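Protein chains in written order, with the working numbering: chain A, -6 to 106; chain B, 3 to 118. In this text, a Cβ means the ideal position worked out from N, Cα and C, and glycines have one as well. Everything numeric in this text was worked out from a predicted model, so none of it was measured.
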Amino acid sequence: DQQVKQNSPSLSVQEGRISILNCDYTNSMFDYFLWYKKYPAEGPTFLISISSIKDKNEDGRFTVFLNKSAKHLSLHIVPSQPGDSAVYFCAASAGTGANNLFFGTGTRLTVIP
Amino acid sequence: GAVVSQHPSRVICKSGTSVKIECRSLDFQATTMFWYRQFPKQSLMLMATSNEGSKATYEQGVEKDKFLINHASLTLSTLTVTSAHPEDSSFYICSASQLAGGDTQYFGPGTRLTVL
């Protein structure tokens, strides 16, 4: 039972444009959400997180939006750069912090120069 | 800061042998470490959570006698795949959290296990 879903396995975006990666979840107990970036044969690298008390968190070019009523979050990258090309995982947890993360299946982002 | 290493990065072994994978937090003390495995084109699946000095908590469906986890210090956790079989071939990733019950998990680079 996949509690965190990323329905788009891949996304291609032109350099300089906005990349929007989407994530849906089913467990209403989730209250902490994270995005990780992963290159092939490497472990995920933490990008940005958001707690359920917020609906937006911004860090440089990365912004995460949370819509609790829709159980949906998205990661916006603007402007997109070729170095952003990677697989992006959405993750969620219930309770304080980032323990027991449930991951989505990932979206492969390709930024075209 | 918050660097996690794994060793080895890649291992090939014969069926029936045991393989040990080390996970180290290099610049912080990790009260909690996690072990995940990832099959091709699938998400990371949590295998077990370990706290320093205590027994690991395994997720449903993960055989604790097959995947032995030891978290003997605040900077080291090991995963031993015992009597490995080809279906154990996977990408194993550890992560570490600085505070129990809180804080972001920092991931190691992963270990690619291939069982012949």
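Delimiting residues of the beta strand (DSSP E) encompassing residue i
i        : result
B:Arg26  : Val21 to Ser27
A:Ala84  : Ala79 to Ala87
B:Val13  : Arg12 to Cys15
A:Ser3   : Ser3 to Gln7
A:Ile13  : Ser12 to Tyr18
B:Gln8   : Val6 to His9
A:Leu102 : Thr100 to Ile105
Listed by chain order, chain B residues near residue i by CB distance under 8 Å
i       : result
A:Thr98 : Lys43, Gln44 and Ser45
A:Phe82 : Ser45 and Leu46
Buried versus exposed call for residue i [16 or more other C-beta atoms within 10 Å across all chains shown]
i       : result
B:Val21 : buried
A:Asp48 : exposed
B:Gln8  : buried
B:Gly55 : exposed
B:Lys43 : exposed
A:Ala34 : exposed
A:Asp52 : exposed
Cutoff 6 Å; reference residue i; Cβ partners in own chain excluding five residues on either side
i        : result
B:Gln31  : Leu76
A:Gly9   : Pro72
A:Arg101 : Ser3 and Val80
A:Phe23  : Ala85 and Ala87
Within chain A, partners of residue i - CB distance below 9 Å
i        : result
B:Tyr108 : Gly36, Thr38 and Phe39
B:Leu76  : Those do not exist, as B:Leu76 stays about 17 Å from chain A at its closest Cβ, beyond 9 Å.
Residue i: contacting residues in chain A (beta-carbon distance under 8 Å)
i        : result
B:Gly112 : Ala34, Glu35 and Gly36
B:Ile95  : Gly36 and Pro37
Partner residues on chain B for residue i, Cβ-Cβ distance less than 7 Å
i       : result
A:Ser42 : Thr106
A:Phe55 : Chain B residues near A:Phe55: none, gap ~14 Å exceeds 7 Å.
Chain-order list of residues whose beta-carbon lies under 7 Å from that of residue i (same chain, five-residue window excluded)
i         : result
B:Val117  : Cys15, Ser17, Ala86, His87, Pro88, Asp90 and Ser91
A:Val(-3) : Cys16, Tyr18, Cys83, Ala84, Ala85, Phe95, Phe96 and Gly97
B:Gly103  : Unreliable placement is indicated for B:Gly103, whose pLDDT of 48 sits below 50; the coordinate value is still reported in the next sentence. Answer for B:Gly103: no residue qualifies.
B:Val64   : Met49 and Ala50
A:Ala91   : Residue confidence for A:Ala91 is low, a pLDDT of 49 falling below 50, so the modelled location carries little weight; the figure read from the coordinates is stated next. Same-chain partners within the cutoff: Tyr25 and Leu27.
Cross-chain neighbours of residue i in chain B, by beta carbon under 9 Å
i       : result
A:Leu27 : Thr106 and Gln107
Cβ-based neighbour list, residue i, same chain, cut-off 8 Å, excluding 5 preceding and 5 following
i       : result
B:Ile23 : Gln8, His9, Pro10, Val13, Thr80, Leu81, Thr82, Val83, Tyr94, Cys96, Thr113 and Leu115
Alpha helix (DSSP H) runs wholly inside the segment 19 to 82 of chain B, at least 4 long, in chain order: Entirely contained in the segment 19 to 82 of chain B, not one alpha helix (DSSP H) run reaches 4 residues.
Taking the runs of the alpha helix (DSSP H) that are 4 residues or longer, which of them lie wholly in the segment 25 to 75 of chain A? none
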